[in-house]
Amino acid sequence: MSIDPARLLADLHALRGYGRDGNGVHRPTYSPQDVAAREWFAARARATGLDVTIDGIGNLLARDPNPGPHLLIGSHLETQPHGGWLDGALGCVAGLEVARALGARTGAGGIDVAAWADEEGHFGAFNGSRSAIGDLTEAEIDAASNRDGVTLRAALAAAGYAGRPRLRLDPARYKGYLELHIEQGPELDTAGQALGVVTAIVGLRGYRIRFEGQQNHAGTTPMRLRRDAGAALVRLACAIARDFPDAAAARTVWTIGRIELEPGAASIIPGAATMMFQMRDTDEAVLDRLESLLMRLAEQEGRGSCRVAVTRLRATAPATMDRGLCAALEAACERAAPGNWQAMPSGAGHDAQQLARVMKSAMLFVPSINGISHDTAEDTREEDLVRGVATLADAAAAILRQA
Ligand SMILES: [Zn+2]
Numbered sequence: 090m091s092i093d094p095a096r097l098l099a100d101l102h103a104l105r106g107y108g109r110d111g112n113g114v115h116r117p118t119y120s121p122q123d124v125a126a127r128e129w130f131a132a133r134a135r136a137t138g139l140d141v142t143i144d145g146i147g148n149l150l151a152r153d154p155n156p157g158p159h160l161l162i163g164s165h166l167e168t169q170p171h172g173g174w175l176d177g178a179l180g181c182v183a184g185l186e187v188a189r190a191l192g193a194r195t196g197a198g199g200i201d202v203a204a205w206a207d208e209e210g211h212f213g214a215f216n217g218s219r220s221a222i223g224d225l226t227e228a229e230i231d232a233a234s235n236r237d238g239v240t241l242r243a244a245l246a247a248a249g250y251a252g253r254p255r256l257r258l259d260p261a262r263y264k265g266y267l268e269l270h271i272e273q274g275p276e277l278d279t280a281g282q283a284l285g286v287v288t289a290i291v292g293l294r295g296y297r298i299r300f301e302g303q304q305n306h307a308g309t310t311p312m313r314l315r316r317d318a319g320a321a322l323v324r325l326a327c328a329i330a331r332d333f334p335d336a337a338a339a340r341t342v343w344t345i346g347r348i349e350l351e352p353g354a355a356s357i358i359p360g361a362a363t364m365m366f367q368m369r370d371t372d373e374a375v376l377d378r379l380e381s382l383l384m385r386l387a388e389q390e391g392r393g394s395c396r397v398a399v400t401r402l403r404a405t406a407p408a409t410m411d412r413g414l415c416a417a418l419e420a421a422c423e424r425a426a427p428g429n430w431q432a433m434p435s436g437a438g439h440d441a442q443q444l445a446r447v448m449k450s451a452m453l454f455v456p457s458i459n460g461i462s463h464d465t466a467e468d469t470r471e472e473d474l475v476r477g478v479a480t481l482a483d484a485a486a487a488i489l490r491q492a
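Each step along the sequence shown adds one to the number in my numbering, with nothing skipped, and position 202 is 291.
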């Protein structure tokens, strides 16, 4: 059993042609280039002998027809706007290459390959993988739209997927789910490591924090009489910077991604001020603790002069990867790159966190050059791409062999 590096790289470069944008790719979910990429991928999977379905949300599932235990390998085909060529694409093509490499072997079982629709969240959060595990309602589909105001229903109709049934995974068919992905961060590249086995995927909480005070004249209003919503917001930002490091865990990250002052003019005391705040960690207890701290600090910094409302907009739970599948990946890493791999959490969200809710799941990372992703400059050395897929195939074969 071995992969074909030339075939793998040729497929990755062919896929890069759908929406190519300089070194990167612009392939938003359900765009003509995304639909064409799905059709191309379906044809490649059929040529491998897999039974391919593209369903009513745009999920592509390529099933191995052999009886026996199966492994599911997948990722996503669409990209961020003006994004990189490997984010998602690598995991899909890797699944195809592993299916081809293992397809020749004798014995029962095989590899199913999935391309989950809209992992990049143009129309929501993990719509494709959530649909496949039965966690996406028709009402959610009715309500969803992208940032250009195009509804998900209209986009599905334009893509030709409207009206098709949505497939639902049968977890009993699978020994588990594997996903190969670029790291999208600097850790492996900086440490000179060839591979990373993901221990857990971070959970994310996102908030809108809004202070309301009194809009007034910036020249005539004495400082002691002001109810300055902007000043309260800045005090909160400082309090977060002061108090979060002691309350956080070693790898917790938090971000104030957006600040708005209303009306936002040099000579007007802001009557309202809003910030978008986000934090991520692999431990739900840490997120709970930080949420309580955030609420306390927001109350404290608005007290006396401003009302404050903290609204939780997003919450995804951390996902722990399956210990047994991780052990198989670790053993394959040690064979491929002795002493030159590491275990690590994923700071980015992935479809694997959804699949982990219904079956054993694990992820393998390859380095991102300079840690760059969600940008056309995103890249990974060819030797790392090939090693990553070969390691995935090695681990997949071992898992399928296990009783
Ligand atoms: Zn991705």
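Note that beta-carbon positions come from the ideal geometry of N, C-alpha and C, so glycine has one too. Being a predicted model, the structure only gives us computed values, none of them experimental.
Nearest to residue i by alpha carbon, out of the options?
i                 : options                        : result
threonine 168     : Asp464, Ala487, Val478, Ala103 : Asp464
methionine 494    : Asn459, Ala466, Ala484         : Shown here, the chain extends from 90 to 492; a query on residue 494 therefore has no answer.
histidine 171     : Ala206, Asp144, Thr118, Ser91  : Thr118
arginine 299      : Ala321, Gly173, Pro434, Arg127 : Ala321
glycine 265       : Ile162, Cys327, Met384         : Ile162
threonine 480     : Glu301, Glu390, Trp343, His270 : His270
asparagine 107    : Leu98, Gln122, Leu97           : The question names asparagine, yet the displayed sequence has tyrosine at residue 107. It is Gln122.
glutamate 301     : Ala307, Gly292, Arg315         : Arg315
leucine 498       : Leu350, Glu351, Ile348, Ala406 : Look at the range of the chain in this structure, 90 to 492, and you will see that residue 498 is not part of it.
phenylalanine 333 : Leu386, Pro158, Arg105         : Leu386
leucine 325       : Leu382, Thr310, Gln443, Gly285 : Leu382
arginine 378      : Pro156, Thr341, Glu390         : Thr341
leucine 493       : Glu380, Pro352, Leu160         : This structure does not reach residue 493, given that the chain is present from 90 up to 492, and the question cannot be answered.
valine 286        : Ala492, Cys415, Arg490         : Cys415
arginine 219      : Gly173, Thr409, Gln442         : Gln442
Might you give, ordered along the chain, the residues of its own chain that have their beta carbon closer than 6 Å to the beta carbon of residue i, omitting 5 neighbours on each side?
i              : result
leucine 101    : Val182
asparagine 235 : His211, Phe212
threonine 371  : Ala289, Val291, Pro407, Pro434
alanine 124    : In the sequence as displayed, the identity of residue 124 is valine instead of alanine. Excluding sequence neighbours, valine 124 sits near Ala248.
glycine 477    : Leu269, Val455
Whose C-beta lies closer than 7 Å to the C-beta of residue i among residues of the same chain, with five residues either side of it excluded?
i             : result
aspartate 473 : Ala283, Val455, Pro456
arginine 401  : Arg294, Tyr296
leucine 258   : Ala221, Ile222, Val447
glycine 319   : Leu350, Pro359, Ala362
Terminal residues of the continuous beta strand (DSSP E) containing residue i?
i             : result
arginine 294  : 292-301
threonine 405 : 396-405
histidine 270 : 263-271
Taking 8 Å as the threshold (C-beta atoms), are residue j and residue i in contact?
i              : j              : result
alanine 188    : aspartate 153  : yes
alanine 190    : isoleucine 290 : no
alanine 49     : alanine 487    : Residue 49 falls outside the range modelled here, since the chain spans only 90 to 492, and no answer is possible.
aspartate 176  : glutamate 471  : no
glycine 346    : methionine 368 : no
proline 359    : aspartate 411  : no
tryptophan 129 : histidine 165  : no
alanine 221    : asparagine 305 : no
leucine 150    : aspartate 224  : no
glycine 184    : asparagine 155 : no
leucine 97     : valine 475     : yes
glutamate 241  : threonine 142  : In the sequence as displayed, the identity of residue 241 is leucine instead of glutamate. For leucine 241 and threonine 142, no; Cβs fall outside 8 Å.
Residue range of the alpha helix (DSSP H) that residue i falls in?
i             : result
aspartate 317 : No alpha helix (DSSP H) contains aspartate 317, which DSSP labels as neither H nor E.
glycine 477   : 471-490
leucine 277   : 276-280
arginine 105  : 94-105
aspartate 468 : No alpha helix (DSSP H) contains aspartate 468, which DSSP labels as neither H nor E.
aspartate 231 : 227-232
arginine 242  : 241-248
Between which residues of its own chain and residue i is the CB-CB distance below 8 Å, once the five residues before and five after are set aside?
i           : result
glycine 274 : Gly436, Ala437, Ser457, Gly460, Ser462
proline 254 : Asp144, Gly145
Would residue i count as contacting chain C if we go by Cβ distances under 8 Å?
i            : result
arginine 446 : Note that chain C does not occur in the displayed structure, where there is just one protein chain.
Every unbroken alpha helix (DSSP H) inside the region 153-224 [4 residues or more]: 178-192, 216-221
Segments of 4+ residues assigned as alpha helix (DSSP H) that fall wholly inside the region 123-156: none
Complete alpha helix (DSSP H) runs within the region 396-459 (minimum length 4 residues, chain order): If we require 4 residues or more, the alpha helix (DSSP H) runs fully inside the region 396-459 come out as 412-425, 441-444.
Ordered list of alpha helix (DSSP H) runs contained in the region 351-396, each at least 4 residues: 373-391
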